[in-house]
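Notes follow once the structure below has been shown.
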């Protein structure tokens, strides 16, 4: 009995083993990479074909992005001697020649108010004569460059600069030679963006109020400029 | 299918990466080290040192300073003198020149602002010049003359001859022609606006100060062909600054 049972088991094992092998072959492989090896190999091969092909181009000075020009707008207050204080709006263009010096051109508009004399008689100036426009060509000097910190993590490059220049002011219906000097503070927020604060004196000769004199017209302004 | 999709994506990525690489200005440090400053000026502190053979990317240039980024992503400013000691991928030195005396002599464009006296009135002039040769240049200038009796705008063309451009203080001679628009001051009710032609001769001197910067002094003698019986003569003195390319 025992030997017959042993024979049955042996026979069954022999018969089933090919089947089990066949079934084994059909089962998904326990190694997840086995089925995807080929495509990955291809990708790696492609990558290795392309990678050494990276070209570092020849650097010439002309290819480097230069940011020596600055263009922007400003708004502020202009105190026109004898004619009150009024708002001013203007545009500025600067070219930085060296780290110390820059050329600057400005153009701005404002308007004169009334004088105390206007309260007792006919107005000194007509509406169109009250218009105040000027341009200035100036040389700037970065007098105190430095850094400003906002908290622990932020630092901005800054410069306190001096400017002096000449230009023309049209006021009271006349063109007037104007000398300008002043100081400004430049805070560079980004490589391409700066904030400016300025205090300037515009001096010209004027005789509207009776006798010829040098009028000092003080401008304070805030502006934004774009480097390019 | 998935593999195909993956490989297409990878190809695209590698393609983009290669294009980005090509647009970047990468140079290799050749000096034992170069110093990175926190700002674009000699006084800003040095906060990082880049060693020899490291690759750096040039981001931008402002005057004589270059903003660079290291392989580790550190950004700072490097002076022109140190950027001269960097190599191109082929091993040749990067050509970053300082505007020299030779560049000054061979300059093509010159732009400047001058101020001074024109026959007793103030004058402000903006000019641009183009150098045809080392010795000969043409200039166009726009001036505003601001006097007690009138104000004028003058447009003039000049031919300039500079015989010794290599001299520290280099003299030049000019001949020119132009037009002048004169508006009398409003208090002079009888005078009228006028537009007249003019010619002039002059002499002057230039001096190269530093880099792209020069100073200039001018004397001119103008003859204005007025519609009245007599022509008018004016002498002009002016001085100013200019920069060149």
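Protein chains in written order, with my numbering: chain A, 222 to 449; chain B, -13 to 231.
The beta-carbon is built from N, C-alpha and C at its ideal position, and this holds for glycine as well.
Since the model is a prediction, treat every value here as computed from it, not as a measurement.
Rank the options by C-alpha distance to the C-alpha of residue i and give the top, closest one.
{"i": "residue 79 of chain B", "options": "B/14, B/93, B/32, B/159", "result": "B/14"}
{"i": "residue 94 of chain B", "options": "B/114, B/46, B/182", "result": "B/114"}
{"i": "residue 190 of chain B", "options": "B/169, B/89, B/100", "result": "B/100"}
{"i": "residue 383 of chain A", "options": "A/350, A/414, A/321", "result": "A/321"}
{"i": "residue 311 of chain A", "options": "A/305, A/299, A/303, A/317", "result": "A/299"}
{"i": "residue 48 of chain B", "options": "B/229, B/106, B/27, B/131", "result": "B/27"}
{"i": "residue 429 of chain A", "options": "A/297, A/351, A/442", "result": "A/351"}
{"i": "residue 214 of chain B", "options": "B/182, B/220, B/120", "result": "B/182"}
{"i": "residue 410 of chain A", "options": "B/25, B/227, B/12, B/21", "result": "B/25"}
{"i": "residue 185 of chain B", "options": "B/50, B/226, B/160, B/178", "result": "B/160"}
Helix, strand or coil, according to DSSP, for residue i in the structure here?
{"i": "residue 107 of chain B", "result": "strand"}
{"i": "residue 432 of chain A", "result": "coil"}
{"i": "residue 78 of chain B", "result": "coil"}
{"i": "residue 40 of chain B", "result": "coil"}
{"i": "residue 352 of chain A", "result": "strand"}
{"i": "residue 372 of chain A", "result": "coil"}
{"i": "residue 188 of chain B", "result": "strand"}
{"i": "residue 11 of chain B", "result": "coil"}
{"i": "residue 48 of chain B", "result": "strand"}
{"i": "residue 347 of chain A", "result": "coil"}
{"i": "residue 283 of chain A", "result": "helix"}
{"i": "residue 379 of chain A", "result": "strand"}
{"i": "residue 16 of chain B", "result": "coil"}
{"i": "residue 407 of chain A", "result": "strand"}
{"i": "residue 118 of chain B", "result": "coil"}
{"i": "residue 212 of chain B", "result": "coil"}
{"i": "residue 253 of chain A", "result": "Confidence at residue 253 of chain A is low in this model, with a pLDDT of 42, below 50, so the placement of that residue should be treated as unreliable; the coordinate-derived value is given next. Reduced to three states, the DSSP call for residue 253 of chain A is coil."}
{"i": "residue 217 of chain B", "result": "coil"}
Which residues in chain D sit within 8 Å of residue i, going by Cβ to Cβ distance?
{"i": "residue 436 of chain A", "result": "Absent from the structure: chain D. Protein chains present are A and B."}
With respect to the alpha helix (DSSP H) encompassing residue i, which residues constitute its N-terminal and C-terminal limits?
{"i": "residue 87 of chain B", "result": "87 to 91"}
State the Cα-Cα distance for the pair residue i and residue j, rounded to the nearest angstrom.
{"i": "residue 301 of chain A", "j": "residue 444 of chain A", "result": "20 Å"}
{"i": "residue 348 of chain A", "j": "residue 389 of chain A", "result": "20 Å"}
{"i": "residue 403 of chain A", "j": "residue 422 of chain A", "result": "6 Å"}
{"i": "residue 124 of chain B", "j": "residue 110 of chain B", "result": "19 Å"}
{"i": "residue 140 of chain B", "j": "residue 364 of chain A", "result": "35 Å"}
{"i": "residue 192 of chain B", "j": "residue 373 of chain A", "result": "49 Å"}
{"i": "residue 417 of chain A", "j": "residue 407 of chain A", "result": "5 Å"}
{"i": "residue 164 of chain B", "j": "residue 53 of chain B", "result": "45 Å"}
{"i": "residue 339 of chain A", "j": "residue 393 of chain A", "result": "14 Å"}
{"i": "residue 326 of chain A", "j": "residue 230 of chain B", "result": "17 Å"}
{"i": "residue 75 of chain B", "j": "residue 61 of chain B", "result": "21 Å"}
{"i": "residue 105 of chain B", "j": "residue 207 of chain B", "result": "10 Å"}
{"i": "residue 203 of chain B", "j": "residue 224 of chain B", "result": "6 Å"}
{"i": "residue 136 of chain B", "j": "residue 67 of chain B", "result": "51 Å"}
{"i": "residue 281 of chain A", "j": "residue 288 of chain A", "result": "16 Å"}
{"i": "residue 294 of chain A", "j": "residue 400 of chain A", "result": "21 Å"}
{"i": "residue 218 of chain B", "j": "residue 307 of chain A", "result": "42 Å"}
{"i": "residue 380 of chain A", "j": "residue 369 of chain A", "result": "10 Å"}
Counting along the chain, where does the beta strand (DSSP E) carrying residue i start and finish?
{"i": "residue 162 of chain B", "result": "155 to 170"}
{"i": "residue 130 of chain B", "result": "122 to 132"}
{"i": "residue 67 of chain B", "result": "Careful: residue 67 of chain B lies outside any beta strand (DSSP E), inside the alpha helix (DSSP H) at 66 to 69."}
{"i": "residue 338 of chain A", "result": "Run containing residue 338 of chain A: none; DSSP gives neither H nor E here."}
{"i": "residue 422 of chain A", "result": "414 to 427"}
{"i": "residue 20 of chain B", "result": "19 to 23"}
{"i": "residue 136 of chain B", "result": "136 to 147"}
{"i": "residue 290 of chain A", "result": "290 to 300"}
On the DSSP bridge assignment, give the partners of residue i in chain order.
{"i": "residue 325 of chain A", "result": "A/315, A/359"}
{"i": "residue 223 of chain B", "result": "B/103, B/205"}
{"i": "residue 55 of chain B", "result": "B/43, B/61"}
{"i": "residue 182 of chain B", "result": "B/166"}
{"i": "residue 397 of chain A", "result": "A/390"}
{"i": "residue 440 of chain A", "result": "A/299, A/421"}
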